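*Asks:* Just so it is clear: in the sequence shown, position 159 is 1199 by this note's numbering, and no numbers are missing.
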Amino acid sequence: ITKEQQALMKIILDAYNRHQIPQDVAKKLLQDQYSAEENFLLLTEMATSQVQVLVEFTKNIPGFLSLDHEDQIALLKGSAVEAMFLRSAQVFSRKMPKGHTEVLEARIRKSGISEEFMTPMFNFYKSIGELHMVQEEQALLTAITILTPDRPHVKDQHAVERLQESMLDVLRKLCALQHPQEPQYFARLLGRLTELRTLNHYHTEMLTSWRMNDHKFTPLLCEIWDVQ
Ligand SMILES: CC1(C)[C@H]2CC[C@]1(C)[C@H](OC(=O)c1ccc(O)cc1)C2
1041 ITKEQQALMK IILDAYNRHQ IPQDVAKKLL QDQYSAEENF LLLTEMATSQ VQVLVEFTKN
1101 IPGFLSLDHE DQIALLKGSA VEAMFLRSAQ VFSRKMPKGH TEVLEARIRK SGISEEFMTP
1161 MFNFYKSIGE LHMVQEEQAL LTAITILTPD RPHVKDQHAV ERLQESMLDV LRKLCALQHP
1221 QEPQYFARLL GRLTELRTLN HYHTEMLTSW RMNDHKFTPL LCEIWDVQ
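#1: Under 7 Å: does the beta carbon of S1206 sit that close to some heavy atom of ligand 1?
#2: Helix, strand or coil: how does DSSP classify F1125 here?
#3: The alpha helix (DSSP H) that contains L1229, what's its start and end?
#4: Write down every uninterrupted run of the alpha helix (DSSP H) in the segment 1137-1197 whose length is 4 residues or greater and which is fully enclosed by it, in chain order.
#5: I'd like to know whether the C-beta atoms of R1228 and I1168 end up nearer to each other than 8 Å.
#6: Under 7 Å from any heavy atom of ligand 1, does the C-beta of S1249 make it?
#7: My assumption, with CB atoms under 8 Å, is that Y1242 sits in contact with F1157. Please give the rounded CB distance.
#8: If you count every other CB in all the chains shown that lies within 10 Å of the CB of M1246, and 16 or more means buried, which is it?
#9: Starting from F1104, follow the alpha helix (DSSP H) in both directions and report where the run begins and ends.
#10: In whole angstroms, what separates the C-alpha of S1119 from that of L1171?
#11: Below 8 Å on the Cβ atoms is my guess for K1269 versus N1079; work out the distance and round it to an integer in Å.
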């Protein structure tokens, strides 16, 4: 890993750790009642704060702010769901204190999300948990997800590709250093990104079914997912 790659990794990691989910959301997890309505409101707050954290993290990805402004928006909108699932998978499988994980799972299961979406979502959380990623890998994988060139409406895909490639190069070297006994570890990480893309479809269904039951989203969520 070269000097400038170490510098890049430090910037990404600091940005990833600087913007954590506000503690008040985590606290509410254990306090409020368990009604489907209460759970939905809590998940709305969680999703909204996750999107805010995503925007702040993205702004700190070296080179992102020099991209075309419309492309910056297209990348954020195109990656928000995947970045949110990636971060919540990591929070779910590692950061959360023991009791919280079960409570969050129970609230998610009782919030009007259809059963058919639960399975792939929790399978994804399990598959991320099994990787035991170090936080540098988590931060880089999130940046790589955001810098996916073929999102809808991205005009200068090559500019995005160049940024993503430099992240992929650092991640590949990091995996080789962190998991010398597992040469296929890097490929496994990238395989998770493919699994992540399948969740986009379920997420759209989830939003639609909530809307059908007249649930209200926050302005930020409406803007990032073009709903309402
Ligand atoms: C853990 C999750 C990633 C999983 C369950 C809660 C999440 C934060 C996310 O919720 C939403 O996307 C969402 C969207 C709109 C809304 O009003 C509420 C939640 C899906």
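Beta carbons are placed, not taken as given, at the ideal position from N, Cα and C, and that holds for glycine. Computed from a prediction, not measured in an experiment: that's the story for all the values here.
*Replies:* This is what the structure gives:
#1: Within the sequence shown, residue 1206 is the residue found at index 166, counting from 1. Not so, every heavy atom of ligand 1 lies at least 7 Å from the Cβ.
#2: Here the question's residue 1125 lines up with position 85 in the sequence shown. Here F1125 sits in helix by DSSP.
#3: Taking the first residue of the sequence shown as position 1, residue 1229 is located at position 189. Looking at the DSSP string, the run of the alpha helix (DSSP H) that includes L1229 is Y1225 to M1252.
#4: If one requires a minimum length of 4 residues, the alpha helix (DSSP H) runs lying completely within the segment 1137-1197 are 1138-1149, 1155-1171 and 1175-1186, in chain order.
#5: Indexing the sequence shown from 1 puts residue 1228 at position 188. Indexing the sequence shown from 1 puts residue 1168 at position 128. No, the Cβ-Cβ distance between R1228 and I1168 is not below 8 Å.
#6: Position 209 of the sequence shown, counting from 1, holds the residue named residue 1249. It does not: the Cβ of S1249 is nowhere closer than 7 Å to a heavy atom of ligand 1.
#7: As a working note, residue 1242 is residue 202 in the sequence shown. As a working note, residue 1157 is residue 117 in the sequence shown. Confirmed, Cβ separation roughly 4 Å.
#8: The residue labelled residue 1246 in the question sits at position 206 within the sequence shown. Buried, because 16 or more other Cβ atoms sit within 10 Å of the Cβ of M1246.
#9: For this step, residue 1104 is matched to residue 64 along the sequence shown. Unbroken run through F1104: none, as it is neither H nor E.
#10: Taking the first residue of the sequence shown as position 1, residue 1119 is located at position 79. Taking the first residue of the sequence shown as position 1, residue 1171 is located at position 131. Each residue's alpha carbon lies about 21 Å from the other.
#11: Outside the shown range of the chain, which is 1041 to 1268, sits residue 1269, and nothing can be said about it.
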